[in-house]
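Novice: Position 15 of the sequence shown, counting from 1, maps to 75 under this note's numbering, and the rest follow consecutively. This is the structure, below, for whatever I ask next.
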Amino acid sequence: MSALAVQELVEAPFARALTALGRAREDVVVLSADLSKYTDVLPFADEFPDRFFQVGMAEANMMGIAGGLAKAGYLPIAVTYGVFATRRAYDQVAMALATGPSRAIVVAFLPGITTPFRATHQAIDDVALMRALPGMTVIDPADATEVDAALGFAVSEPGPVYIRGLRGRVARLFDPVGFRLEPRELQSGGTVGVVATGLATGWALEAAAAIDGGASVLHVPVLKPFPAAQVAAFCSRFDRVVSVENHSISGGLGSAVAETLAEGGMAVRLRRLGVPDQWAPAGSLDYIRHELGLDADGIAEALR
């Protein structure tokens, strides 16, 4: 099984999926915290102005409003940056959305190190925070197809869902025909297994292609509830496994893999790659990846 190639670049896949959902369901309402232009929600706002709420730079208030709308029978989709959805509004997400019973979706852009603006905007801890909330589903899409699929998956969930958003022009790796949001082995080979999620799946594939013999790569888009059985079955084939994520190594994918291996009593060595116990630097994505050992060379070195 060989690595995926980019099929195309899709312009604003979240905007397309959100607007299509609005046409299909009249109970869908969208909330923005003064970042409409930067989170691909303007097409929805233009087409459904009576179902779009601009709350200003008040993320905590936005989550409270979303909770009220959910309890009134609507399906609210609160959209902002990851750091603002989690660190700034964590109590309101927990109390207004996660305690339920209600259905709500939070779409959080600028996941991990995908912005140059350092700690104020780099959501390197959002998955850890959301995984800790009871009943919260957490999704980290890798491409345009999964952005669309994540929204479709989220509307069928009985409780709150947190989606790491990808904005602007997004690569399409997966064929959308018959696509399901589930773990999938993207590449087989080599003596080391790689478990990756989100944008880091592409990074892992780059690195696997750079080493002799390659590596097997398992992509896991849904981080909670974690597909422990599938991950354990994959890891059982190797003496050594490496997790790769666009997030801190604490509380995210690497931690979930470690929990799976430990609880299963599996004698598999695990190395977690991601942001170590530090704030990520400022700069371009290429620069940050290099500094953190998350570029192709750094990941390849860990796989050897």
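We put the CB at the ideal spot given by N, CA and C, even for glycine. Being a predicted model, the structure only gives us computed values, none of them experimental.
Report the three-state DSSP secondary structure of residue 165 (helix, strand or coil).
Specialist: strand
Novice: Note down, in chain order, each residue of its chain lying with its Cβ closer than 6 Å to the Cβ of residue 357, except the 5 sequence neighbours on either side.
Specialist: none
Novice: Among 254, 82, 145 and 211, whose alpha-carbon lies nearest the alpha-carbon of residue 123?
Specialist: 145
Novice: Quick test of your reading: residue 79 and residue 107, contact by CB under 8 Å. State the CB separation rounded to the nearest angstrom.
Specialist: Residue 79 to residue 107, Cβ: 6 Å. Contact.
Novice: Alpha carbon to alpha carbon, how far is residue 230 from residue 98?
Specialist: 14 Å
Novice: Determine the direct distance from the alpha carbon of residue 110 to that of residue 191, and round the result to whole angstroms.
Specialist: Each residue's Cα considered, the two are about 33 Å apart.
Novice: Since residue 97 is in the beta strand (DSSP E), which residue starts that stretch and which ends it?
Specialist: First-last for residue 97: undefined, no H or E at that position.
Novice: How many Å lie between residue 275 and residue 317 at the Cα?
Specialist: 17 Å
Novice: At the level of alpha carbons, what is the spacing between residue 248 and residue 266?
Specialist: 14 Å
Novice: Look at residue 309 and residue 325 and say whether their C-beta atoms are less than 8 Å apart.
Specialist: no
Novice: Could you name the residues of the same chain whose beta carbon sits closer than 8 Å to that of residue 246, not counting the 5 residues immediately before and after it, in chain order?
Specialist: 61, 63, 64, 261, 265, 277, 278 and 279, listed in sequence order.
Novice: Is the segment 164-181 close to the segment 221-228, with three or more CB pairs under 8 Å?
Specialist: With three or more CB-CB distances shorter than 8 Å, the segment 164-181 counts as touching the segment 221-228.
Novice: Once you ignore the five residues that flank residue 288 on each side, which residues in its own chain have a CB closer than 7 Å to its CB?
Specialist: 320
Novice: List the DSSP bridge partners of residue 253.
Specialist: According to DSSP, which records beta bridges pairwise, residue 253 is partnered with 276 and 301.
Novice: Specify the secondary structure class of residue 269 as computed by DSSP and reduced to three states.
Specialist: Under the three-state reduction of DSSP, residue 269 is assigned to helix.
Novice: Rounded to whole angstroms, what is the Cα-Cα separation between residue 89 and residue 251?
Specialist: So the alpha carbons of these two residues sit roughly 48 Å apart.
Novice: Note down the Cα distance separating residue 186 from residue 338, rounded to an integer number of angstroms.
Specialist: 15 Å
Novice: To which residues of the same chain is residue 152 closer than 6 Å at the C-beta, ignoring the five residues directly before and after it?
Specialist: Excluding residues within five positions, the ones whose Cβ falls inside 6 Å are 120, 123 and 124.
Novice: Could you check the C-alpha separation between residue 181 and residue 242 for me, to the nearest Å?
Specialist: 29 Å
Novice: For residue 301 versus residue 328, is the C-beta distance shorter than 8 Å?
Specialist: yes
Novice: So within the segment 86-149, which uninterrupted alpha helix (DSSP H) runs reach at least 4 residues, ignoring any that extend past its ends?
Specialist: 102-107 and 119-131
Novice: Can you tell me the Cα-Cα spacing of residue 314 and residue 92, whole angstroms?
Specialist: 31 Å
Novice: Quick one: does the C-beta of residue 286 sit closer than 7 Å to a heavy atom of the ligand SAM?
Specialist: This structure lacks the ligand SAM; in fact it carries no ligand of any kind.
Novice: In chain order, what residues of the same chain lie with their CB nearer than 6 Å to the CB of residue 219, ignoring the 5 residues before and after it?
Specialist: The beta carbon of residue 219 is closer than 6 Å to those of 160 and 195 in its chain, skipping five residues each way along the sequence.
Novice: Which residues in the same chain have their Cβ closer than 8 Å to the Cβ of residue 134, if we skip the five residues on either side of it in sequence?
Specialist: Excluding positions up to five away in sequence, the list reads 87, 88 and 89.
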